[in-house]
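Counting in our numbering, the final residue of the sequence shown is number 1038, and the numbers go up one at a time with none missing. Note that the Cβ used here is the ideal one computed from N, Cα and C, for glycine as well. On a predicted model such as this, the values are computed, not experimentally measured, just so you know. Let me begin by presenting the structure, written as structure tokens, before commenting on it.
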Amino acid sequence: VLSHMMTTRWMIAAAGALGVGVLTASALLGPTSHVIVDEADGETGEVSGACQSDKPANLDFTVKDMNGARVRLADFKGKVILINFWATWCPPCKVEIPGFIELYDQYKDKGLVILGVSGDDDADTLRAFAAEWKINYPMLVGRDEEKLLDAYGPLYGYPTSVLVGRSGAVCGRHVGPATK
């Protein structure tokens, strides 16, 4: 009986510690910014990409994509950029991929760029994964790109998405799987 009481107490203590950890992480991360991208200019149909932030995004990076081509993030300035930090082994990351594929199909010609930045997969793994999942947006090899990961961090987990407006300002940040 004494052993059962001790086990129960440890379980209650562990549950309490987990609850405190979740609340602490939420407080550190701050509120998730919900950004509506579906506001298009009536004449051109382009995604507005306007936001209320003055915090400039650091686009001063050149990273290789899964095919070995060099991609300069600064080349996308003037577009709405969704930078998604993820990994192939991450189940919540896989949940959001179909929505990103649809979003990219719908808005790529109207000024939206989605950049999937894999934090720890190599190019071969990314190519196989992208082919299997029919990913249509650029996949960047973020492995060994600590400065890039730090520029948009801290990354407390995958997936983490950062939205950069046409002005080059960080408009929003979302931790966890995002919906279309």
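Query                                                                                        : Result
Nearest-angstrom Cα separation, counted from G1015 out to V971                               : 22 Å
Assigned exposure category for E954 - 16 Cβ within 10 Å defines buried                       : buried
Nearest-angstrom Cα separation, counted from L931 out to D918                                : 7 Å
Alpha carbon of L973 to alpha carbon of P949, nearest angstrom                               : 19 Å
Sub-8 Å separation of D923 and L998 beta-carbons                                             : yes
Simplified DSSP state of G957, which is helix, strand or coil                                : helix
Pairwise C-alpha distance: E1003 and V975                                                    : 10 Å
Reference K937; option with closest CA among A1036, K968 and T1037                           : K968
For A945 and W991, the rounded distance between their alpha carbons                          : 13 Å
Distance between G1011 and T1037 (C-alpha atoms, nearest Å)                                  : 21 Å
When A1027, L1021 and G1030 are compared against I941, the one with the closest alpha-carbon : L1021
C-alpha distance - V921 paired with R928, whole-angstrom precision                           : 6 Å
Paired residues, beta bridge with R930 - DSSP                                                : T920
C-beta contact flag for R1001 and D982 at 8 Å                                                : no
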